Amino acid sequence: MAILHNLKIKNFRGVSEFNQNFSKGLTCIIGRGDSGKSTILDAISLVLSPSWSINFFDSDFYNSNTENPIEIEATLKNLPDTLLTKFGLYVRVISDEREDIIDDMESEAGRNSNPALTIRLTVTKYLEPIWTVVTNRHQEPISISASDRALINA
C-alpha cells in the first residue's frame, strides 16, 4: 500500500500555502472549526483520485482568485513496481535517515533509499484538472492517467 510522505498545497480553498512531511505511524489532523482540516483531506483525495472527471469551481481557488493556479503535490513511497517501472525517469528517493526527498539517485544518500513518485494536480482558471508526475531534475512533467492513479489505491 502506498504511503503519503509529503503533501504540498497552493491556492486551494482556504489554504494559501501548505507543506508537510508525514512521519511513520499515525497522523492526526486537529484544529478548531474552519481551520483547513477538511481542505487538507480533500486535497489528498483529489490529487490521488482515480477519477478523470472532477469538477472545480472558482470558489476552490484561494480567495476565489483564478489567476493563481491550484497546485497539490503528493510524494508517495511503497508504490507498486508497475508504476515505478512506468515512470522510471521520474522516480525520486526518500532518505532513510532524514526522510528528505532526493532527486539525485547517484548520490550517497540516494543509493540506499526508498523509491518515490511525486504526483501533481494543477487546476488553472479554465477549471480543467491536470495530473502529472514531477521531479526537480529539470524534466518536463509527464501525464499520469486515471488508471495509473487507481493503482496507487489498490
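Each residue of the sequence shown is one higher than the one before, starting from 104 at the first, in my numbering. Glycine included, every Cβ here is placed at the ideal spot set by N, Cα and C. Just so we're clear, the structure is a prediction, and the values are computed from it rather than from any experiment.
Within the same chain, Cβ atoms closer than 7 Å to the Cβ of N239 are found at D206, the five residues on either side in sequence being excluded.
The secondary-structure analysis by DSSP pairs L224 across a beta bridge with I175, W234. From the listed residues D184, L107, L230, the smallest Cα separation to L254 is found for D184.
Annotation for S148: the continuous alpha helix (DSSP H) segment containing it runs 140 to 150.
The three-state reading of DSSP puts I247 in coil, since its state is none of H, G, I, E or B. The beta-carbon separation of I106 and A146, rounded to 17 Å, does not stay under the 8 Å limit for a contact. Taking the Cα of S250 as reference, the smallest distance to any Cα among S156, S167, I204 is reached at S156.
When DSSP states are grouped into helix, strand and coil, I204 belongs to the strand group. With 16 or more other CB atoms across the displayed protein chains lying within 10 angstroms of its CB, F115 is buried. Annotated as proximal: T225 and P232, with beta-carbon spacing under 9 Å.
The criterion of a C-beta distance shorter than 9 Å is not satisfied by P172 and K111. Following the DSSP letters along the chain, one finds K111 inside the beta strand (DSSP E) bounded by residues 106 to 115. Note: E120 is bridge-paired with K113 in the DSSP secondary-structure output. The three-state reading of DSSP puts I132 in coil, since its state is none of H, G, I, E or B. In this structure, the alpha-carbon of D203 lies about 31 Å from that of E170.
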